[in-house]
Structure formats: C-alpha cells, structure tokens
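Only one structure is covered here, and it is reproduced in the block below.
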Amino acid sequence: MRIAHNIELLELVSVHGDLVQYIYPALLWDENELVLIDTGLPWQTEALKDAVAQAGFSFENISKVILTHQDLDHTGSAKALSGLGAKILAHEFEVPYIQGDKTSIRISQMEARLPTLSAEERTFLEDAKAGAPNFYVHVDITLSDSEFLDICGGIKVIHTPGHTPGHIALFLEESKILIAGDAANIADNNLVGADPQYTRDMVQAAESLAKIKNCLPDAIVCYHGGLIKI
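So for the sequence shown, this note's numbering puts the first residue at 450; every next one is plus one.
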C-alpha cells in the first residue's frame, strides 16, 4: 500500500497452527537509496521479495536495512539482504543480539515462561532457537537517539526502549509519518503502547509511547497493526 509518494507499506502474513500474524515492513526510496525498515521472519524472504516487486522495486537493489530492534520477525531476512550488499543499521544497544553475541531477549523470555506457552508458541520458540544462528547478521552502522539520516526525505532516529533496550522508532520528516516498530500497537482503532506480554520494561515503554506522540506525526505505522492516522 502506497502511504506517501516515496513510502510503500508492505504486508506479510505468517501462519503457525491457529496463530495468524500480519506484519508491516516499510519500503522507502529516493534517487540514490532503496531502504527497507524491518525484514519479516526468516521463512518470509520469498514473500518479502514478492512484496518488494509488487511495489515496483527489486529486492537486490535494497541499499540499506534499518532494524527497529532485535526480534526475529524484524531481522529475519536481514542476512539475505546483507549478502546482496545492503548495509544493516540498528541501535547500538541491539547490536550484540542481532549479531548473535548475546541470546535474544525474546527467546530468553519465552524460555522463562515455558510451562505457560501454547503449542503454537512452543513451536515458534523451537523454530526460532534452531534457526536464529543461521540469521545472525553483522550490523554495519550503529544508530543513536536523535540521529538524522539525510536520505528518503530525512529520517530522525528516536530511541524508544521498553520493548527491548535499543528499540528505535523512525520519524520520516518529509511525510510526517512515524514508523513505530513494536513500541506502539493498534487496539480498537486506537493507538496503544507496547504489548506487555513481550515487553521488558513497561515504564520505559510508556515513556517511549509519549515520545512517539510528542513527534506530532500525521500517521503512525505499527509493525503489528499497520497504518493509523492521528
């Protein structure tokens, strides 16, 4: 879905038993760059390629990948894109998890509550544990709070911890659209914060939601909800 003249919102679907998940990476471009924000799950690479092609672009021409955080449904195709020459960008606090120097926070959290996991969640956990080492990727460029990227009309990096320590949101200055990652969600057509079940620090998460709102965006893209106009 085209949400601005240089922004395409991609939609990917993943099905695990009764668990159906829709996620929304974003594709941005200018004369020199083709930028993907988050990359879906590892087994969604072909679907991601198709979505990029449907938007009128080539997967192989993606020049930069910005990861909002370490979770596998955001980093899954980053290694494939890195192998094609794309530069990988992420907040400095997320780098050791994305590169595999530390165990994913999400895997650690799920292991800690193993007795309460549903069958679908257990399957996802086992798949993630088995597959994660194959998808660790080197981060080429580290990002920090308030950093400005002079590409695609201007991108401001906003450190939004809570869901994970180095989670970032991205404010697209030309369109005034904010890419929230998992720092915000949509419930009953209203903007809400990070999902408590998967959030490490809810106090930080609430502060991060306030930072997002204070940017006064015209619209927000939630990775697990899509576009909401403000």
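Where a beta carbon is used, it is the ideal one built from N, C-alpha and C, also for glycine.
Assuming residue i and residue j form a contact by the criterion Cβ under 8 Å, report the distance between their Cβ atoms to the nearest whole angstrom.
| i | j | result |
| --- | --- | --- |
| C664 | L627 | 6 Å |
| F542 | G642 | Their Cβ separation, rounded to whole angstroms, is 19 Å, which puts F542 and G642 out of contact at 8 Å. |
| D631 | H518 | 7 Å |
When the Cα atoms are used, what is the spatial distance from residue i to residue j?
| i | j | result |
| --- | --- | --- |
| A496 | L476 | 14 Å |
| Q558 | G674 | 23 Å |
| T494 | A453 | 24 Å |
| E649 | E569 | It should be pointed out that residue 649 corresponds to Arg in this sequence rather than to Glu. Going from the Cα of R649 to the Cα of E569 covers about 22 Å. |
| S528 | P474 | It should be noted that the sequence gives Lys, not Ser, for residue 528. So the two alpha carbons sit approximately 16 Å from each other. |
| W492 | K513 | 20 Å |
| I556 | L574 | 7 Å |
| L538 | L459 | 19 Å |
| I604 | L530 | 21 Å |
| V544 | K678 | 31 Å |
| I661 | E596 | 15 Å |
| E480 | H540 | 25 Å |
| A504 | K536 | 21 Å |
| A629 | Y672 | 7 Å |
| A561 | D644 | 17 Å |
| L468 | Y647 | 16 Å |
| K578 | I554 | 12 Å |
| V464 | E623 | 35 Å |
| I511 | M651 | 34 Å |
| G534 | E509 | 8 Å |
| A654 | D576 | 28 Å |
| W478 | N639 | 29 Å |
Let me check one thing: in DSSP terms, what residues is residue i bridge-paired to?
| i | result |
| --- | --- |
| W478 | L483 |
| F620 | K605, L627 |
| Y471 | V462 |
| I635 | L640 |
| F573 | Note: F573 sits in no beta bridge, so no partner. |
| H540 | L592 |
| L598 | I604 |
| I677 | I669 |
| E433 | The structure shown does not extend to residue 433, since the chain is modelled only from 450 to 679, so the question has no answer here. |
| V514 | L485, I537 |
Do residue j and residue i come within 9 Å of each other at the CB atom, strictly closer than that value?
| i | j | result |
| --- | --- | --- |
| C601 | E482 | yes |
| A636 | L658 | no |
| I515 | I669 | no |
| A500 | L461 | yes |
| L676 | M450 | yes |
| I607 | D599 | no |
Does residue i come within less than 9 Å of chain C when only Cβ atoms are used?
| i | result |
| --- | --- |
| I547 | Annotation note: the requested chain C is absent from the structure, which comprises a single protein chain. |
* Count the C-beta pairs between the stretch 580-589 and the stretch 608-625 that are closer than 8 Å, then say yes if the count reaches three, no if not. => no
* Three or more beta-carbon pairs under 8 Å between the stretch 569-586 and the stretch 543-550, yes or no? -> yes
* **Cβ pair count under 8 Å reaching 3, the stretch 484-491 against the stretch 514-528** => yes
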